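So the sequence lines, in the order shown, correspond to chains B and G. Using the working numbering, read the first sequence as starting at 1 and increasing by one per residue. Using the working numbering, read the second sequence as starting at 1001 and increasing by one per residue.
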Amino acid sequence: MAGVLKMGAARSDAAPKTHDCPATLTDTEVLDFCKNGYLLLEGVVPDEVNRLSVDYCDQDNYYEPTSILAEDWFHQHVICNPAAASAVRSLLGPHFHLPVLMSNHRVEAPFDATGWHVDGNYQFRPELNYLQVFYYPQDTPVAMGPTQVVPGSHLVKNKARFMGHLTGIRGAIPTTAPAGSIFITAYQIWHRRGQATGKGMRNLLKYFYWRTQPSARDWIVEEDFDFATVNYGSPIASVVEQFRADIKVAEMFLWLCGRHDDFQNLGGQSWPLPAHRNGAPYGLPTGL
Amino acid sequence: MTSAQNQIAARLEGDFAAGQLSADGLRAALEALLQDTARRQDLLYLHATSTAPSASVVAMTLVEGGAIVAPPDDPDDWPYQSALDAINDGWRVISFPNMALLALSADDPHGLGFEFILEKWS
């Protein structure tokens, strides 16, 4: 590792702005992302890179330490981290666009929780054209105030200014994670900074990837994956009308498959509602 | 008692049980209790799964004694599991779920839905 990390080596302005790599998520994992709106990859960044990242943030404690993107070691092991990039590749397709901005939610613990919100310029749509990604360079247990999310809330419209009075939300989870974890989210997911009761500096680096190619089912296809019978249920089901979450998840998944034009909801007991049927679900798009 | 008053009482009980309750400590606690007697409106926001007062609560916020009180992390430990629970504990509903939500498209769920706002004076 030490040979790989060349402190001071910097990427030039002429460096590629896109990246490609194998897509390693399976049908089920992509569908899970549609259901939950996030994916947590624990401890995928090497310890030495975590230490370098923390040191870098100690030196550049501006809330947008964008120059870290120019560091080869950061580009290689965080931005193009094999586990994270292959997940991003699965969700955003080939030659996805690399981050152009780095934010750091750097806070000295202890601190209070912030309010629940969705980040500005959100779009509540079935399309997935960009991903917001978080990197924890240090261990982030509950005591260090990890970001909390409401699983599945990317499917439910809200406005940050309408959420100011919310505190406890059933189903919300803290994204506790060991150092080197990368957390990939649908941008519009409801989230907040959790309360920290511990002591020390918490860095949370945040950046963005964009899709550059039309969506397609070019991740790992499972031979036994059955669009007709798979469960499209989401953890957000309790706050929406019955089956509405299933429908939202199915639409998002078909969009990712490049089949959004075929998506249909014929109402009542038709696909994609979960049910014990006597055959193919009525309304199942042809060719799935 | 309010949460703040309960905290003061718990501290006194703890010091008493440990044999550490001093005259100064008792006086300080009494002063804190007396300062906490100004009447204020407490608010309770309960987001339920439907318009029914008995519907399960999916989110809550408590404003008590002039401060926002963080609820327990585990929703099963929240003080009320429905608006009806809160009503039976003396809370008055001052705002019922906004029926305008029903006019929104069923295809576009919005927010946490059915919000009861309740008050108490403490």
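C-beta: ideal position from N, C-alpha, C; glycine also. Everything numeric in this text was worked out from a predicted model, so none of it was measured.
What residues in its chain sit with their C-beta under 7 Å from that of B:Q264, if we drop five residues either side in the sequence?
G283, P285
With a threshold of 9 Å between beta-carbons, can G:I1087 be considered close to chain B, or not?
no
State yes or no: is the C-beta of G:L1030 nearer than 8 Å to some heavy atom of the ligand NAD?
For the ligand NAD, the structure offers nothing, since it holds no ligand at all.
Count the other CB atoms, across all protein chains shown, that sit within 10 Å of the CB of B:A280; report buried if there are 16 or more and exposed otherwise.
exposed
So, helix, strand or coil for B:A15, using DSSP?
coil
Can you tell me where the alpha helix (DSSP H) with G:L1034 in it begins and where it stops?
1023–1035
In chain B, which residues lie less than 7 Å from G:P1075 when you measure between Cβ atoms?
G168, R170
So, helix, strand or coil for G:I1094, using DSSP?
strand
Contact the stretch 22–34 of chain B vs the stretch 208–223 of chain B: 3+ CB pairs below 8 Å
yes
Sequence-distant residues of the same chain with beta carbon closer than 7 Å to B:T114, five excluded per side:
R192, R193
Taking 9 Å as the CB-CB cut-off, is B:Q195 touching chain G?
yes
In chain order, which continuous runs of the beta strand (DSSP E) of length 3 or greater are located wholly inside the stretch 184–227 of chain B?
191–193, 196–202, 205–210
Distance, Cα to Cα, B:G200 vs B:S67?
24 Å
Alpha carbon to alpha carbon, how far is B:F183 from B:Q148? Give it in angstroms, no decimals.
11 Å
Compute the beta-carbon to beta-carbon distance between B:S181 and B:Y136, rounded to the nearest angstrom, for a pair I have assumed lies under 8 Å.
5 Å
Examine the Cβ distances between the stretch 88–104 of chain B and the stretch 224–239 of chain B and report whether three or more of them are shorter than 8 Å.
no
Quick check on the DSSP output: the beta strand (DSSP E) that includes B:L166 runs from which residue to which?
Segment: none, B:L166 is in no beta strand (DSSP E) and carries neither H nor E.
So B:P151 and B:P235 are supposed to be a Cβ contact under 8 Å. How far apart are they, rounded?
4 Å
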